[in-house]
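Student:
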Amino acid sequence: MKKFFDFCFEVEFYIKIAISCTIVQQILYWLLHSIKLNFITQVLLYWLVGSVSFYSVGLFIEKILKQNDTLRDKLTSRVKQVKKQPFPPFTAKGIILGEIKSFIAAFIILYLAPEVVRGNGLLLNIGWFLMRIIAADFCFYISHWLFHRKFLQKIHLQHHEFADSSSFVAGHKSLTEYIIVTVTDLLPIFIFGYDITQLLAWTIIGNAYNLEGHSSLSIFFVPSDFHDLHHSCFKGNYGIQGFWDRVFKTLNPPTKTTGLMFPVASLEKMTMKSSSH
1 MKKFFDFCFE
11 VEFYIKIAIS
21 CTIVQQILYW
31 LLHSIKLNFI
41 TQVLLYWLVG
51 SVSFYSVGLF
61 IEKILKQNDT
71 LRDKLTSRVK
81 QVKKQPFPPF
91 TAKGIILGEI
101 KSFIAAFIIL
111 YLAPEVVRGN
121 GLLLNIGWFL
131 MRIIAADFCF
141 YISHWLFHRK
151 FLQKIHLQHH
161 EFADSSSFVA
171 GHKSLTEYII
181 VTVTDLLPIF
191 IFGYDITQLL
201 AWTIIGNAYN
211 LEGHSSLSIF
221 FVPSDFHDLH
231 HSCFKGNYGI
241 QGFWDRVFKT
251 LNPPTKTTGL
261 MFPVASLEKM
271 TMKSSSH
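Heads up, the sequence shown is in UniProt numbering, so the first residue is 1 and it goes up one at a time.
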């Protein structure tokens, strides 16, 4: 029974990502489908959407949710406590360099990847995004596992300066790691091509779950302390979520978050509780 719930627990995350991406894609399609976007306009849009969503979601988590004691305590997923650390402050130089890096990445990605138009079919988009998150999780697992081998560890150490975690630690990585992670995440669009509305939706939702995953909170996408344990222990939990870690037996078992946003964990808790009586 537990293995069944573990499987459903991981599938729940994938389904959330696919449905959320599809909803955002539908909105973007409605806004953009009648507008002819040339290459430069698409690059600017991709870059702006990525940057605005990254900073707005991160600031919402850090400056609104975490500043409210009641919400922070209610949403905290971290079980294993670590020593609090000061996080690097934002600087004008850091932001400018980050945006230059993001713009160059957007330009190269859209230049190299073939453009396709997939329309706004619900089933097609849900299927596409489901494939994307499963494939992205696998690619991230492999690259992240390699980052923890001795011959590549130096590339990844900047990201692991923090055992404690904060949303913006998601973007705290070396240039080499940034390039490798970006390529592995977007590998499917180099193979299958990109639809601009799908790409923008993926960027928004990707930023949301990545920032949440580094925030030590379980808000909507992140159903456990899975990534907190990775930062605390420096081993295990190499995927975005635990599916591939279960497959390859590198899982550091997380503590699941229950509640309305995480129905599988809640159902498992109720089932196990009733069966124990």
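Note that CB positions come from ideal geometry on N, CA and C, so glycine has one too.
With DSSP as the reference, label threonine 91 as helix, strand or coil.
Tutor: In this structure, threonine 91 counts as coil in the three-state DSSP scheme.
Student: Hey, how far is the Cα of alanine 105 from the Cα of threonine 271?
Tutor: When rounded, the distance between both Cα atoms is 47 Å.
Student: DSSP three-state call for leucine 199: helix, strand or coil?
Tutor: The answer is helix: DSSP assigns leucine 199 an H, G or I state.
Student: Pull up the distance between the alpha-carbon of threonine 182 and that of lysine 273, whole angstroms please.
Tutor: Rounded to whole angstroms, threonine 182 to lysine 273 spans 42 Å at the Cα level.
Student: For threonine 76, does the three-state DSSP call read helix, strand or coil?
Tutor: Reduced to three states, the DSSP call for threonine 76 is strand.
Student: Tell me which same chain residues have a C-beta within less than 7 Å of the C-beta of phenylalanine 107, skipping the five on either side of it?
Tutor: Only Val43 meet the Cβ criterion.
Student: For glutamate 115, which beta-bridge partners are listed by DSSP?
Tutor: Answer is Tyr194.
Student: Going by C-alpha distance, which of Tyr238, Pro254, Ile196 and Asp245 is nearest tyrosine 111?
Tutor: Comparing Cα positions, the closest option is Ile196.
Student: Find the nearest neighbour of leucine 130 within the set Val11, Leu75 and Asp6, judged by alpha-carbon distance.
Tutor: Here the closest residue by C-alpha is Val11.
Student: Rounding to the nearest angstrom, what Cα-Cα distance links histidine 159 and serine 224 in this structure?
Tutor: Going from the Cα of histidine 159 to the Cα of serine 224 covers about 20 Å.
Student: Grab me the residues of phenylalanine 54's own chain with a C-beta within less than 6 Å of its C-beta, minus the 5 sequence neighbours each way, in chain order.
Tutor: The answer, listed in chain order, is Asn207.
Student: Give every residue of the same chain whose Cβ lies closer than 6 Å to the Cβ of phenylalanine 13, excluding the five residues on either side of it in the sequence, and list them in chain order.
Tutor: Cβ within range, chain order: Gln241.
Student: Assuming contact is defined by CB atoms lying nearer than 7 Å, are valine 57 and leucine 211 in contact in what I supplied?
Tutor: Yes, the pair counts as a contact, with Cβ atoms nearer than the cut-off.
Student: Cα-Cα, which of Tyr194, Asn237, Lys150 and Gly193 is closest to threonine 250?
Tutor: The residue with the shortest Cα to Cα distance from threonine 250 is Asn237.
Student: By the three-class DSSP mapping on this structure, what secondary structure does leucine 217 have?
Tutor: In this structure, leucine 217 counts as strand in the three-state DSSP scheme.
Student: Determine the contact status of tryptophan 202 and cysteine 21, defining contact as a CB-CB distance below 7 Å.
Tutor: Cβ atoms of tryptophan 202 and cysteine 21: closer than 7 Å.
Student: When burial is assigned at 16 or more other CB atoms within 10 Å of the CB, is phenylalanine 9 buried or exposed?
Tutor: Buried, by the Cβ-count rule.
Student: Between the alpha carbons of lysine 80 and phenylalanine 190, how many angstroms are there, rounded?
Tutor: Taking the straight line from one Cα to the other gives about 39 Å.
Student: Measure the alpha-carbon distance for glycine 239 versus cysteine 233 and round it to whole angstroms.
Tutor: Each residue's Cα considered, the two are about 15 Å apart.
Student: Just verifying my parser: in three-state terms, what is the DSSP assignment at lysine 2?
Tutor: Correct three-state label for lysine 2: helix.
Student: Under the three-state reduction of DSSP, which class applies to lysine 256: helix, strand or coil?
Tutor: Strand at lysine 256.
Student: Which first and last residues belong to the alpha helix (DSSP H) in which lysine 154 is found?
Tutor: Lysine 154 -> alpha helix (DSSP H) spans 153-156.
Student: If you compare alpha carbons, which of Pro253, Leu260, Gly259 and Ser165 is closest to leucine 2?
Tutor: Position check: residue 2 holds lysine in this sequence, whereas leucine was assumed. Nearest option by C-alpha distance: Pro253.
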